[in-house]
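Residue numbers for the sequence shown follow full-length UniProt numbering, so the first one is 1 and each next one is one higher.
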Amino acid sequence: MILPERLYHWRIDPYTIIRQAEQSLQADAISITTVRAKASEGGPGDYYSNGDYWWPNTRTQNGLPYVRRDGKSNPKAFKAHREMLRRMRTHVANLAAGYAVTGNRVYAEKAAGLLRVFFIDPATRMNPHLRYAQAIPGVCSGRGIGIIDTLHLIDVPQAIEMIRLADVLSGKEMKALRLWFVCYLRWMVKHRYGIQERAEKNNHRICWYVQAAVFARFTGNNRILQECREGFRTILLPEHMAKDGSFPRELARTKPYGYSIFTLDNMVTLCQVLSIPKDDLWRYELPDGRGIRRALHYMYPYLANKSKWPKKRDVEHWKGWPVRMSFMLFAGLALKDMRYMELWSSLKADPSNPEIRRNMAIRQPLLFIAKE
């Protein structure tokens, strides 16, 4: 159980955590096998989704092949599995955080039940791959960039480690959960979709690294962890960040403000997950000064006052940003910078906009700092 004074130091409200855990106690079991995607080439346990920015072709009678409209989300795209995955993640994270704050074993037991259904039970589990993610009707049955759909799973290993302390998962179940992430990480590394995603030139590559880092830490894969540290220094910083700390490839998109926040959030998460005493990514800089501190320095004025944003406005969801995101808390604590702590405290914590929520990778940052 985490002492209240620590929570207040982190500017985390224990009553909010408990309220969220109580709500998640009422959650039904979640399995993607209960909703079949008619267009999927996979089976009941195979995750399926459509690309967000792809729309029916108005020049053809059957609407195929779909055409791309960057930044414009198709409301009729199949996203049930994505929403179910995120909902499971949110409930498990809420319950694990509730257990961390109160020591109430009931929260841990409920989280364990949700995990068994989604990851362990052969009849209801999701298979550990994304061969059919972000499919485009008339174009492809799945894509490498679909791997970003499981970014929201990064809360889950943290939650598992937390509720393990309550002894609600047997040794066999813990082994099965770790095996699921071992298999998924192996697929991410070896399948052509994973190889493609790792080579993407925008935020997709960064999100691949975030997932690989979290899943490698959970499964004890030190080789992948070290590759992620090296990739942060030699690939992500030099290829994705400009000298002023901005992310040029995100600024070139139709939603430059939201994508810049999203990318910064994930770069900071890498620092949080990968930094160790002998390899502190928080303070690492390239010879020209590029590092996470410069990226935070670039974005901070526009988070504190969006009206100062010098680039074009996002084509969608402009009014929804900014919101409270985990990178503000992580950076404030790691760099001992009160500006980010104050920003964390001042912004809306639980936005209702589905698109904004979709771009918040971590639901319960407490799970990432609980052992500090």
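C-beta atoms are modelled at their ideal positions from N, C-alpha and C, and glycine is treated no differently.
query: Tell me whether the beta-carbon of Q134 lies closer than 8 Å to the beta-carbon of S49.; result: yes
query: State buried or exposed for N221, treating a residue as buried only when at least 16 other CB atoms are found within 10 Å of its CB.; result: buried
query: For T263, I'd like the list of residues in its chain whose CB is within less than 7 Å of its CB, leaving aside the five on either flank, ordered along the chain.; result: N203, I206, F247, E250
query: Going by the beta-carbon positions, is the gap between G51 and I136 smaller than 8 Å?; result: yes
query: Thinking just about the alpha-carbon of each residue, which of L366, W321, A370 is nearest to the one in R357?; result: W321
query: What number of angstroms, rounded off, separates the C-alpha of P75 from the C-alpha of W55?; result: 9 Å
query: May I ask you to verify whether the stretch 283 to 292 touches the stretch 339 to 354, counting CB pairs closer than 8 Å and requiring at least 3?; result: no
query: By DSSP's criteria, V67 is part of a beta bridge. Which residues make up the other side?; result: W55
query: I need the DSSP call for N222, collapsed to helix, strand or coil.; result: helix
query: Comparing C-alpha positions only, which one of G245, S24, T33 sits nearest to T124?; result: T33
query: So what's N50 in DSSP terms, helix, strand or just coil?; result: strand
query: So if DSSP puts D279 in a beta bridge, which residue, or which two residues, is it bridged to?; result: I276
query: Could you tell me if T269 is buried or exposed, where buried requires 16 or more neighbouring beta carbons within 10 angstroms of its beta carbon?; result: buried
query: With DSSP as the reference, identify every bridge partner of C140, one or two as the case may be.; result: I136
query: What number of angstroms, rounded off, separates the C-alpha of R131 from the C-alpha of F181?; result: 16 Å
query: Is the CB-CB distance between R290 and M341 below 8 Å?; result: no
query: How many angstroms separate the CA atom of T16 from the CA atom of A27?; result: 17 Å
query: What would DSSP say about L153, mapped onto helix, strand or coil?; result: helix
query: For T234, which three-state DSSP category applies?; result: helix
query: Determine the DSSP secondary structure at R363, reduced to helix, strand or coil.; result: coil
query: Cutting at 6 Å between CB atoms, please list the residues of its own chain near L95, excluding the five before and the five after it.; result: A21, S24, Y107, K110, A111
query: Give me the residue from S170, G71, Y184 with the minimum Cα distance to residue 375.; result: Nothing can be reported for residue 375, as the shown portion of the chain is limited to 1 through 372.
query: Using DSSP with H/G/I as helix, E/B as strand and the rest coil, what is F215?; result: helix
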